[in-house]
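J.:
There are 2 protein chains.
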Amino acid sequence: MNTIRSPQPPPSLTRSVEDYLKSVFHLTSQGGFATTSDIAEMLDVAPPSVSGMMKRLSETGLIEHVPYRGVQLTPQGRRAALQMIRRHRILESYLTSKLGYDWGDVHVEAERLEHAVSEKLIERMADALGEPRYDPHGAPIPTAAGEIEEAELVPLAESVVGGSVVLQEVGDEHPARLHYLAEQGLTPGVRLTVIDRQPFNGPTIVRLGDGTTRVVGQELALLLFCRPSDGE
Amino acid sequence: MNTIRSPQPPPSLTRSVEDYLKSVFHLTSQGGFATTSDIAEMLDVAPPSVSGMMKRLSETGLIEHVPYRGVQLTPQGRRAALQMIRRHRILESYLTSKLGYDWGDVHVEAERLEHAVSEKLIERMADALGEPRYDPHGAPIPTAAGEIEEAELVPLAESVVGGSVVLQEVGDEHPARLHYLAEQGLTPGVRLTVIDRQPFNGPTIVRLGDGTTRVVGQELALLLFCRPSDGE
DNA sequence: TTTGAGAATTAGTCTAGGCTAAAGCCCTGT
DNA sequence: ACAGGGCTTTAGCCTAGACTAATTCTCAAA
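Chains as they are written, first to last, in the working numbering: chain G, 2 to 233; chain Z, 2 to 233.
(1) Expressed to the nearest angstrom, what Euclidean distance is found between the alpha-carbon atoms of Z/Gly101 and G/Phe34?
(2) Check whether the Cβ atoms of Z/Pro229 and Z/Gln219 sit closer than 8 Å, and answer yes or no.
(3) Check each residue of the stretch 153-181 of chain G: if its Cβ is closer than 8 Å to any Cβ of chain Z, include it; give the result in chain order.
(4) Is it true that the CB of Z/Met126 sits closer than 8 Å to the CB of Z/Glu19?
(5) Distance cutoff 8 Å, beta carbons only. Does G/Gly101 sit that close to anything in chain Z?
(6) Could you spell out the range, first to last residue, of the beta strand (DSSP E) harbouring G/His27?
(7) Taking just the CA atoms, how far does G/Val195 sit from G/Val161?
(8) Thinking C-beta only, is G/Leu154 closer than 8 Å to G/Met222?
(9) What's the gap between the Cα of Z/Leu225 and the Cα of Z/Arg113?
(10) Is G/Ala140 close to chain Z, meaning its C-beta is less than 8 Å from at least one C-beta of that chain?
(11) Quick check on Z/Thr4 - is its C-beta less than 8 Å from some C-beta in chain G?
(12) At the 8 Å Cβ level, is Z/Met126 part of the contact set with chain G, yes or no?
(13) Quick one: is Z/Gly210 buried, meaning 16 or more other Cβ sit within 10 Å of its Cβ, or exposed?
(14) Could you tell me whether the Cβ atoms of Z/Glu115 and Z/Arg80 are closer together than 8 Å?
(15) In the stretch 103-117 of chain G, which residues sit with their C-beta less than 7 Å from some C-beta in chain Z, listed in chain order?
(16) Pop quiz: G/His138 and G/Glu170 are said to be a contact at Cβ under 8 Å. What is the actual Cβ separation, rounded to whole angstroms?
(17) When you compare only the Cα positions, how much space is there between Z/Gly163 and G/Leu122?
(18) Could you give the DSSP three-state label for G/Ile149: helix, strand or coil?
(19) Please compile the residues from chain G whose C-beta is within a distance smaller than 9 Å of the C-beta of Z/Ala145.
(20) Indicate, with yes or no, if the ligand ATP has a heavy atom lying under 7 Å from the CB of Z/Glu110.
(21) Are the C-beta atoms of G/Ser1 and some chain Z residue less than 8 Å apart?
(22) Span of the alpha helix (DSSP H) holding Z/Ala53?
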């Protein structure tokens, strides 16, 4: 008799654990470690709560914890985090496309739903949408297999003056800012010509396809991730 | 200055509390009290867990607890329970109509989602469905205002032999039984002629609209709720 | 009227996941 | 080289919501 049950039954993580894994993923996406206080701030909990959870998560093999340094995801933790991010982004896409949600309002709703949906439901939504590759904010949606596109994007605030870029992703979830950006026509896929930038962290001035211009303050311009688009 | 804040901010119940309220609602739908052990069995927890929760719920005014007798919902508890039932049934309807779910599989999915969806999402789904009045099992969907239709239904097992009935509601959530019933053509809305019933809790024999007959064992026949349909 | 079975409650414990206060580590600036 | 400041961790506590074991209540039957 074979007593080894190989492809472990899904451990079924708690809501809280899922949130911690997502935070660590986002905080380590540029490489390096996620620190206790960054995680605490992102999840709005006290630092000791993070230390406690990091201990539990490293015992279950989801993260690697270097005391006083920070944490990184193990391959297993990364898979779990990407699964949550896929759920989140598919949900955002579905709510926007199929239920008329505004792109500023989907984040909060998806944040709760992502912990409750089954794999099956997510795949049905993805199917109904035609397997979208980007969510409404332009963020890449991980595949069901756990792969995610990594693009080299540059914040508009750091783009080359005189160049032409395509706004690829809006790195923000605050409804008010998103509403404002949509009003300004600054949504993913738009092509922008970088006309000028004021010194001392001043605004960036861009021209849209229709010839109109926008003055984008530094704070917002740091959230608009672009890829260069020199040729056509 | 008015220090009374009348229409209390929504207290935001926990998942567990929501489940208890639903159980009490279902167990008291015929009037009377819900007993500790019935609730425990329905939620698959130990009786002392129920006693503990009943204490908390009566402190927050959601139920009325008569020690050693049982509990009933207060008007506030009933509103909360009906809200959960509305969510559940709208979700079941949406998953069936819009995402191709089988009626045997929707219950489990809705059971998790009902705790995570917002009011707004439920109303958008209801709207997309055209404000359905019944869920896929034929159960009435409470209105957003908290009203629910109460019909006088009779289990097929207790219907009058020789009479004609319409199958209104299937009172079961087990996927296997639901699949079987669908195969047999026994789904809500179907008209049945009750041809015969074997003695000693034996099966009921019915004829469908297409002239074919079905032999329905007592266990299943108790789950098929019908309304008389004498005239056309 | 009493008694005993069965149901309900109380008592006490456990875990997850928060918190504050206190202690420990690391690194930079003098 | 070391002192101090800022993180991080530990210690200890709290709540919700489970559990088991022990106790108490109720009601029906003798």
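Virtual Cβ for every residue (Gly too), placed ideally from N, Cα, C.
T.: On the basis of the coordinates in this document:
(1) Roughly 43 Å between the two C-alpha positions.
(2) Cβ atoms of Z/Pro229 and Z/Gln219: not closer than 8 Å.
(3) Taking 8 Å as the upper bound on Cβ-Cβ separation, chain Z lies near no residue of the stretch 153-181 of chain G.
(4) By the CB criterion at 8 Å, Z/Glu19 and Z/Met126 fall outside the cutoff.
(5) Taking a beta-carbon distance threshold of 8 Å, G/Gly101 counts as an interface residue toward chain Z.
(6) Note, G/His27: premise wrong, no beta strand (DSSP E); alpha helix (DSSP H) at 16-28.
(7) Distance between G/Val161 and G/Val195, taken at the CA atoms: about 7 Å.
(8) Sequence check: residue 222 of chain G is Ala here, not Met. Cβ distance not < 8 Å, so G/Ala222 and G/Leu154 don't count as in contact.
(9) Taking C-alpha positions only, Z/Leu225 is separated from Z/Arg113 by approximately 25 Å.
(10) No, G/Ala140 lies away from the interface with chain Z (no Cβ there is under 8 Å from its Cβ).
(11) With a pLDDT of 38 at Z/Thr4, under the threshold of 50, the modelled position of this residue cannot be trusted, and the question is left open.
(12) Among the residues facing chain G, Z/Met126 is included, as its CB has a counterpart in that chain under 8 Å away.
(13) Its Cβ having fewer than 16 others within 10 Å, Z/Gly210 is exposed.
(14) Judged by beta-carbon spacing, Z/Arg80 lies beyond the 8 Å limit of Z/Glu115, meaning their Cβ atoms are not closer than that value.
(15) Residues Glu110, Arg113, Leu114, His116, Ala117.
(16) Yes, G/His138 and G/Glu170 are in contact; Cβ-Cβ is about 6 Å, under 8 Å.
(17) One Cα belongs to Z/Gly163, the other to G/Leu122, and the distance between them is close to 44 Å.
(18) Per DSSP, reduced to three states, the secondary structure at G/Ile149 is coil, with no helix or strand assignment.
(19) By Cβ distance, chain G contributes nothing, its closest Cβ being about 16 Å from Z/Ala145, past 9 Å.
(20) Ligands displayed in this structure: none; no statement on the ligand ATP is therefore possible.
(21) Given a span of 2 to 233 for chain G in the structure shown, any question on residue 1 of chain G remains unanswerable.
(22) One point to set straight first is that residue 53 of chain Z is Gly, not Ala, in the sequence displayed. From DSSP, the alpha helix (DSSP H) with Z/Gly53 extends over 48-60.
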